[in-house]
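Right, one structure below, let's go through it.
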Amino acid sequence: MANNIDAVPVKLTAKDFSSGQDVRWCPGCGDYSILAQVQRSFPEINIPIEKIVWISGIGCSSRFTYYMNTYGFHTIHGRAAAIATGVKIARPDLSVWVATGDGDLMSIGGNHFIHTCRKNVDIKILLFNNEIYGLTKGQYSPTSAKGLVTKTSPYGSVDYPFNPLSLALGAGASFVARTADSEAKHMQEIIKRAAEHKGTAFVEILQNCVIFNDGVFDPITSKENKADKMLILKHGQPMLFGKDNKKGIKLDGFKPVVIDLNDPKNSINDVWVHDEKDISHARAFILAHLADDPELPSPFGVIRQEFKPTYDEGVERQIAHITEKKGKGSLEKLLFNSNTWEVN
Amino acid sequence: MAQETEKETLDLKEVTIRFAGDSGDGMQLTGSQFSDTTALMGNDLGTLPDYPAEIRAPAGTLYGVSGFQVHFSSSDIHTPGDTPDVLVAMNPAALKKNLADLKRDGIIIVNTDSFDAKNLKLAGYDKNPLDDDTALAGYKVYPVPITTLTSTALKDSGLSIRDINRCKNFFALGLMYWLYNRPLEPTLKWLNSKFKNKPEILNANETALKTGYFFGDTTEIFENRYTVEPAKLKKGTYRNISGNEATALGLVTASIKSGLPLFLGSYPITPATDILQFLAGYKNFGVKTFQAEDEIAGITSAIGAAFSGSLAVTTTSGPGVALKTEAIGLGVMTELPLVVVNVQRGGPSTGLPTKTEQADLLQAVYGRNGEAPIPVLAAATPSDCFYMAMEASRIAVKYMTPVMLLTDGYIGNGTEPWRIPHENEIPEIPVKFATEIEGFAPYSRDENLARPWARPGTPGLAHRIGGLEKANITGNVNYDPSNHDFMVKLREQKIQNIKNDIPDLAVQGDAEGELLVLGWGGTYGAIKEAVDKVTSRGLKVSQAHLKYIHPMPKNTKDVLSKFKKVLIPEINLGQLAKIVRSEFLIDVLQYNLVRGLPFRSSDIENQIVEILGGKNGK
Numbered sequence: 000m001a002n003n004i005d006a007v008p009v010k011l012t013a014k015d016f017s018s019g020q021d022v023r024w025c026p027g028c029g030d031y032s033i034l035a036q037v038q039r040s041f042p043e044i045n046i047p048i049e050k051i052v053w054i055s056g057i058g059c060s061s062r063f064t065y066y067m068n069t070y071g072f073h074t075i076h077g078r079a080a081a082i083a084t085g086v087k088i089a090r091p092d093l094s095v096w097v098a099t100g101d102g103d104l105m106s107i108g109g110n111h112f113i114h115t116c117r118k119n120v121d122i123k124i125l126l127f128n129n130e131i132y133g134l135t136k137g138q139y140s141p142t143s144a145k146g147l148v149t150k151t152s153p154y155g156s157v158d159y160p161f162n163p164l165s166l167a168l169g170a171g172a173s174f175v176a177r178t179a180d181s182e183a184k185h186m187q188e189i190i191k192r193a194a195e196h197k198g199t200a201f202v203e204i205l206q207n208c209v210i211f212n213d214g215v216f217d218p219i220t221s222k223e224n225k226a227d228k229m230l231i232l233k234h235g236q237p238m239l240f241g242k243d244n245k246k247g248i249k250l251d252g253f254k255p256v257v258i259d260l261n262d263p264k265n266s267i268n269d270v271w272v273h274d275e276k277d278i279s280h281a282r283a284f285i286l287a288h289l290a291d292d293p294e295l296p297s298p299f300g301v302i303r304q305e306f307k308p309t310y311d312e313g314v315e316r317q318i319a320h321i322t323e324k325k326g327k328g329s330l331e332k333l334l335f336n337s338n339t340w341e342v343n
Numbered sequence: 000m001a002q003e004t005e006k007e008t009l010d011l012k013e014v015t016i017r018f019a020g021d022s023g024d025g026m027q028l029t030g031s032q033f034s035d036t037t038a039l040m041g042n043d044l045g046t047l048p049d050y051p052a053e054i055r056a057p058a059g060t061l062y063g064v065s066g067f068q069v070h071f072s073s074s075d076i077h078t079p080g081d082t083p084d085v086l087v088a089m090n091p092a093a094l095k096k097n098l099a100d101l102k103r104d105g106i107i108i109v110n111t112d113s114f115d116a117k118n119l120k121l122a123g124y125d126k127n128p129l130d131d132d133t134a135l136a137g138y139k140v141y142p143v144p145i146t147t148l149t150s151t152a153l154k155d156s157g158l159s160i161r162d163i164n165r166c167k168n169f170f171a172l173g174l175m176y177w178l179y180n181r182p183l184e185p186t187l188k189w190l191n192s193k194f195k196n197k198p199e200i201l202n203a204n205e206t207a208l209k210t211g212y213f214f215g216d217t218t219e220i221f222e223n224r225y226t227v228e229p230a231k232l233k234k235g236t237y238r239n240i241s242g243n244e245a246t247a248l249g250l251v252t253a254s255i256k257s258g259l260p261l262f263l264g265s266y267p268i269t270p271a272t273d274i275l276q277f278l279a280g281y282k283n284f285g286v287k288t289f290q291a292e293d294e295i296a297g298i299t300s301a302i303g304a305a306f307s308g309s310l311a312v313t314t315t316s317g318p319g320v321a322l323k324t325e326a327i328g329l330g331v332m333t334e335l336p337l338v339v340v341n342v343q344r345g346g347p348s349t350g351l352p353t354k355t356e357q358a359d360l361l362q363a364v365y366g367r368n369g370e371a372p373i374p375v376l377a378a379a380t381p382s383d384c385f386y387m388a389m390e391a392s393r394i395a396v397k398y399m400t401p402v403m404l405l406t407d408g409y410i411g412n413g414t415e416p417w418r419i420p421h422e423n424e425i426p427e428i429p430v431k432f433a434t435e436i437e438g439f440a441p442y443s444r445d446e447n448l449a450r451p452w453a454r455p456g457t458p459g460l461a462h463r464i465g466g467l468e469k470a471n472i473t474g475n476v477n478y479d480p481s482n483h484d485f486m487v488k489l490r491e492q493k494i495q496n497i498k499n500d501i502p503d504l505a506v507q508g509d510a511e512g513e514l515l516v517l518g519w520g521g522t523y524g525a526i527k528e529a530v531d532k533v534t535s536r537g538l539k540v541s542q543a544h545l546k547y548i549h550p551m552p553k554n555t556k557d558v559l560s561k562f563k564k565v566l567i568p569e570i571n572l573g574q575l576a577k578i579v580r581s582e583f584l585i586d587v588l589q590y591n592l593v594r595g596l597p598f599r600s601s602d603i604e605n606q607i608v609e610i611l612g613g614k615n616g617k
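Sequence order for the protein chains is A and B. According to numbering that gives the first Met the number 0, the first sequence is numbered sequentially starting from 0. According to numbering that gives the first Met the number 0, the second sequence is numbered sequentially starting from 0.
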């Protein structure tokens, strides 16, 4: 085998990231778009294939690992974040990605999700949120809208849903973003941003399930609605939306309101300017909950990015520090370390 | 200490002391200090810490009593002692709870200060047993006002009354050091390192310790003191070690001997937490410990580390194993090396968290969905945990499989002298990672039926594994009926082959005869002592002890079939007995006592004598 460490890196293409396995999602599933955008953006993140690991749990989304030509591990329900944490702590040199769904991450795997965010383990979590259990054929999930009629809620679900952005922010994720399966270019940008981030990167992707929850995001993402219902966030830019970007979000104290820029009473200077690095958690939560008011659009883009040391760096640093202080451990000394006595 | 020789010193062969008091009285510390000093004196010893699950149960109550028993001897011993010769009772509840276990003519040292109306009532005494001629008749009772003597000695220490009272266990320790002729220096050294930044606490404890020692010397109440000569153990360097520390050291040793970095994913659980605590301190050995958010993350993070090329371990107790069960199955399906340590405790459910039991054997061998065989190993004594932790690691990486190592609360917390092996006497654990692209297939097989271990980061070997059924060789997802049948049998065969890679089951005593006592795990010492006693009286009994339970050594059936009767004592309702019957169609006699405590050797001795009846096995 040739030693290729010093070889000139060959420019990879989307095809290099395809495992060649037959993709078995339902025709028209939003997962195809996510797979395509990941494969298209990965050549640009400049990480060698062998350094990339995809971990998934159980669910439609979790079949993702089989389709990527990287190291992959399709594990058990809900545990992808915990397994990914083990991979990253053991091997900080690897780029570790989690493909997961709303049931896998936020129901059975909720505990691992919040603790991964809290610890700021340097892994990237892509949440394929279709607001339904797909692989078990259509039961309501922890992100399903209240009142949703499904096989296990024939008279409508009485559950309140999670707001995934808010949950991730609350748990301390250092990178929180949102995109949609229908927004190919936007998703690629967000995936690249997540790849660059050091720390837990959480990306919610609105993903349509054509079989069990078809069109659930149409009120936001359809061609007819997106101009008025999708707020595309750009760092340092005023929050504008609507046809011709003539609507803006103004922060009236803690209350976000829509202002019409066609009205001469309103000025562009009144519009809230997005700051991904805003030290105020409160403003990030206001953004995450923007669409709680049906008059307001849903946020897309990077909601918040914070730079803080990662868990895995902390582990490495502590080992280096203690090793420097005590010297590299000697087994002989460890075994004979404590109070000993001789028998002759 | 010139005058200390005035009292006659009597030479004893062995002594068992039980320290008992409130769970806040520091009895565990007192007992372990006495044990460590005794070990340094060269005695063989065994210990039994026995404490309640509550950290500070209400003072003076029976259920708040914490005990520590130490058995030390001038010869080779195997248990913490059946019946104490000496009881140190710091309050009425400690006396009441432990009196029945004491030898008929045993010594009782009581802290008379705590025998007030309130404490007597809490312990359920109608009248003070110290004033009652019948209550303690037959025992040698030494009443000592330990609290008063300690506070008098510390009245100028500047400490609060509360802090002064907390020093009374060191008075008791000092007194016992005098009575059993032990030096103060090891404990003084320990105090100096423990309280080097708290000089007032250091001085107070030193003073209490010395005051207790000199009290023994000057008081008129003790007519004698005792000594126990060093034991004639095998030549070498020794240390006193608990099973949990030995497990931690065994894992670090396996890491060094295999060249694999050690990763521990774990969640605190009694009585296994010590292993996590020990390993968390070994940072300069490159050990990575991850205190996970729950038991499941403990094992799944370890599985992630195993996939990435670490020596991966998770440590827990029975309830934790229940939670980790699905993930162990993932380890079986993906054929990744993983060591799962179960320090067994009393069950079911939360059960008896601080007490010992052997009732997780069937869980270990069979307790997973699907056909999910894994090797199951069991350590026999505290120091044996060191070797079995290395064995579990060796088998895991050689056969690419999760391995369950069973220890228990008794050997995990109990201690014994350990003849320390030198680094160069410990064999290497060979590991081979896949690196060649040519011919690589994730589920190809070596001569042991193990699949290759291809770490992420290796160019050209990117592959996918998972919990779905695999096609052999390629590792592709495969639902074909005949493939599933093939893979189920292949995984079973891989584990069965380990039989050829472990030592034969050894028999102590004759290789055939009337009765074989077969044990497993932490009951080794009690069985050994019982068998030694009856054979010294001329009975014909042999002993064998299983440390590899799944698969069992390949000569196991032969060994068992050479005896007319096989007795299996277990701290459960007969779990090994079930396995032996089903594997070998050999019937066995059971002896089951599930009290949350280790066996007394006398219980097993009585069983043996009863089984052999009038014939005495001759």
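Heads up, the beta-carbon is just placed ideally off N, CA and C, and yes, glycines get one too.
Among the residues facing chain A, B/E292 is included, as its CB has a counterpart in that chain under 9 Å away. For A/Y132, the pairing in a beta bridge is given by DSSP as A/Q138. Listed along chain B, the residues sitting closer than 9 Å to A/E331 by beta-carbon distance are H421, E422 and N423. Judged by DSSP secondary structure, A/Q36 falls within the alpha helix (DSSP H) whose first and last residues are G29 to S40.
At a cut-off of 9 Å, the C-beta of A/V52 has a neighbouring C-beta in chain B.
Those residues of the region 323-345 of chain B placed with their C-beta closer than 7 Å to a C-beta in chain A are E325, A326 and L329, ordered along the chain. Listed by position along chain A, the residues whose Cβ is nearer than 7 Å to that of B/S309 are A89.
B/S257 has its alpha-carbon roughly 53 Å from the corresponding atom of A/D213. Counting every other CB atom within 10 Å of its CB across the protein chains shown gives A/Q304 a total of 16 or more, marking it as buried. In this structure, B/P455 lies near A/K50, with their beta-carbon atoms less than 9 Å apart.
By the rule that beta-carbons nearer than 9 Å mark a contact, A/N268 does not touch chain B.
B/A391 and B/G465 have their alpha carbons spaced roughly 23 Å apart.
For B/F284, a Cβ of chain A is located within less than 9 Å of the residue's own Cβ. Not a single C-beta of chain A is nearer than 9 Å to the C-beta of B/G242. For B/D383, the enclosing alpha helix (DSSP H) begins and ends at D383 to Y398. Fully enclosed beta strand (DSSP E) runs of no fewer than 3 residues occupy 512-519, 541-545 and 547-549 of the region 489-564 of chain B, in order along the chain.
Assigned with DSSP and collapsed to three states, B/K287 falls in strand.
Taking C-alpha positions only, B/G350 is separated from B/A525 by approximately 24 Å. DSSP places B/N110 in no alpha helix (DSSP H) but in the uninterrupted beta strand (DSSP E) bounded by I106 to N110.
Contact between B/L250 and B/V312 holds: CB atoms are separated by about 6 Å, below the 8 Å threshold. Going by C-alpha positions, A/I46 is about 22 Å away from A/S32. Contact of A/A281 with chain B is not assigned, every C-beta pair being separated by 9 Å or more. For B/S65, the enclosing beta strand (DSSP E) covers residues V64 to S72. Looking at the backbone, the Cα of B/E7 and that of B/T217 are separated by about 13 Å. Separation of the CB atoms of B/A271 and B/V342 is rounded to 4 Å, and the pair is thereby assigned contact status at 8 Å. Secondary structure of A/S106 (DSSP, three-state): helix. Counting the other Cβ atoms within 10 Å of the Cβ of B/A136 gives fewer than 16, which makes it exposed. Residue-level contact check: A/N68 touches chain B, since one or more beta carbons of chain B fall below 9 Å from its beta carbon. By the Cβ rule, the region 323-339 of chain B does not count as touching the region 87-99 of chain A, because fewer than three pairs are nearer than 8 Å.
Three or more Cβ pairs closer than 8 Å define a contact, and the region 285-301 of chain B meets that threshold against the region 104-120 of chain A. Residue state for A/R90 is assigned as coil, using DSSP reduced to three classes. In the DSSP assignment, B/D21 is bridged to B/V64.
At a Cβ-Cβ threshold of 9 Å, B/T299 and B/S265 do not count as neighbours. Nearest Cα to B/G346 within the set B/T36, B/R594 and B/E53: B/R594. The straight-line gap separating the alpha-carbon atoms of B/D84 and B/L187 is approximately 26 Å. As the crow flies, the alpha-carbon of B/P374 is around 32 Å from that of B/D75.
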